[in-house]
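Participant: Supplied in structure tokens, the structure appears directly below.
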């Protein structure tokens, strides 16, 4: 007697999940981006040859062969603007590594994570240096112009040390304005 056995492979999905710690964070603070593989209960997720996961902010998290998670640290920019921001960080690409290792049937990207970044604490009027309270918020305005005889006119040019996020006006001591 002959028996026919049919084996049906169910496609199992493995998800690369992103987490960021700490979240919320402060400008100039170190944060850690962690990718963890999740899958069906009881599934062995360690038989891969390694993964490189690229994030939308340019960071790359490596998960070594045989591991289910990997981390990459980075320092948040201390920008010159007052206020908080909340960028959405997503997995933009996944590259499976390793020759001769198993490849996941269906490896998918997890949901984006919103990173709450608050402006660093500090004392207004005491900007300090980058990496210290309000160190990255100092913007300087340099005025340049030619020497001029009384009664003549000149042009004064203002240059900011960092690009302005919005239009503004500077009023000079003689009442004239720069925009």
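Numbering (full-length UniProt numbering), first residue to last: 1 to 179.
Every residue gets a Cβ at the ideal spot worked out from N, C-alpha and C, and that includes glycine.
No experiment lies behind these values; they were computed from the predicted model shown.
For residue 69, does the three-state DSSP call read helix, strand or coil?
Facilitator: Note: residue 69 maps to strand in three-state DSSP.
Participant: On a CA-only basis, which of 1, 42 and 95 is nearest residue 12? Give me that one, please.
Facilitator: The shortest C-alpha separation from residue 12 is found at 42.
Participant: Decide yes or no for the touch test of the stretch 85-93 against the stretch 51-61: beta carbon pairs closer than 8 Å, at least 3 of them.
Facilitator: In short, these stretches touch, since the Cβ pair count reaches three.
Participant: Need the endpoints of the beta strand (DSSP E) that residue 84 sits in, please.
Facilitator: Where residue 84 is concerned, there is no enclosing beta strand (DSSP E), given that its DSSP letter is neither H nor E.
Participant: Enumerated in chain order, which unbroken segments of the beta strand (DSSP E) with a length of 3 residues or greater are wholly contained in the UniProt domain "LapA adhesin" (137-179)?
Facilitator: 141-144 and 157-160
Participant: For residue 6, which residues from the same chain have a beta carbon less than 8 Å from its beta carbon, with the 5 sequence-adjacent residues on both sides left out?
Facilitator: Hits under 8 Å: none found.
Participant: Looking at C-alpha atoms only, which residue of 167, 22, 37 and 158 is the closest neighbour of residue 14?
Facilitator: For the set 167, 22, 37 and 158, the Cα lying nearest the Cα of residue 14 is the one of 37.
Participant: Look up residue 187 in the DSSP assignment and say whether it is helix, strand or coil.
Facilitator: There is no way to answer for residue 187, as the model of the chain reaches only from 1 to 179.
Participant: For a test of the three-state rule: what should DSSP assign to residue 8, helix, strand or coil?
Facilitator: coil
Participant: Find the nearest neighbour of residue 159 within the set 151, 153 and 169, judged by alpha-carbon distance.
Facilitator: Sorting 151, 153 and 169 by C-alpha distance to the C-alpha of residue 159 places 169 at the top.
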